[in-house]
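So the structure is just underneath, and the comments pick up after that.
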Amino acid sequence: MTQDPQPDTTTIPNNPGSCALRLLHIAHLPSHKKKSLLRSLASDITTTFILIAQHAESGILTRKHTGPINAVIETIKETEISQREMLEDCVRKYKRRIRRMKREKIWVRGKLGNVIRGVHEMVAVWRERGRRFESLVEELAAVRQECEILRASCRGLGAGMGMGMGVGMAFDGENGVRIASPMEVDGGGEREGSVDCS
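If you're matching positions, the sequence shown starts at 654 in our numbering and goes up one per residue.
As structure tokens, then:
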């Protein structure tokens, strides 16, 4: 006579396990204890997955049994894919921003180069004008000096001719100084061919 199998009286709690319970007071832990706790939880989770995989390979656990774990793994994969896609979107946005900034930099550099070239050209123009002005000032000074020399020469020539040859200087308000003939010195009229030293 065969005995009936004993009913399974093992109850599996549906409430959170030790890993979840260990996270209840994590907000009140210092930083180094938080790190230690998460390292311990990671070790427990890794060990749990390894044991489940070993039992699945040996046939103790079937796909039906490991369904919840597989769902967790798929959720992790989907989260990873979502995070990776989000990161890729961010990378693409940053690359577009970098390209736009490079274009703007090239544009600004070109505009700045045009402004600098314009300034250099303007400086060159004004420098050339300054040189021309200085040259004109020098020429004007030389002309003035020559005029003074000529005036002095005319005065000396007029005085000498008046004393030796009866030729004097006649002053005209409009034409300046000119050499007068002996008749003009004596009170006569102006002769043709008088020399104008103005």
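Every residue gets a Cβ at the ideal spot worked out from N, C-alpha and C, and that includes glycine.
**Q.** Euclidean distance between Cα positions of Gly783 and Val790
**A.** 10 Å
Q) Ile705 and Ile722 look like a contact to me (Cβ under 8 Å); what is the Cβ gap, rounded to whole Å? A) That pair is a contact at about 6 Å.
Q) Should Cys807 go down as buried or exposed, given a rule of 16 or more other Cβ atoms within 10 Å for buried? A) buried
Q | Boundaries (first-last residue) of the alpha helix (DSSP H) holding Lys688 | A | 684 to 711
Q: Give the straight-line distance between the Cα atoms of Leu676 and Val761, rounded to the nearest whole angstrom.
A: 55 Å
Q.
With a threshold of 6 Å on Cβ separation, who are the neighbours of Ser711 within its own chain once the five nearest residues in sequence on each side are excluded?
A. none
Q | Span of the alpha helix (DSSP H), counted from its first residue to its last, around Ala673 | A | 671 to 674 is the extent of the alpha helix (DSSP H) around Ala673.
Q | Three-way DSSP call (helix, strand, coil) for Lys758 in this model | A | Note: Lys758 maps to helix in three-state DSSP.
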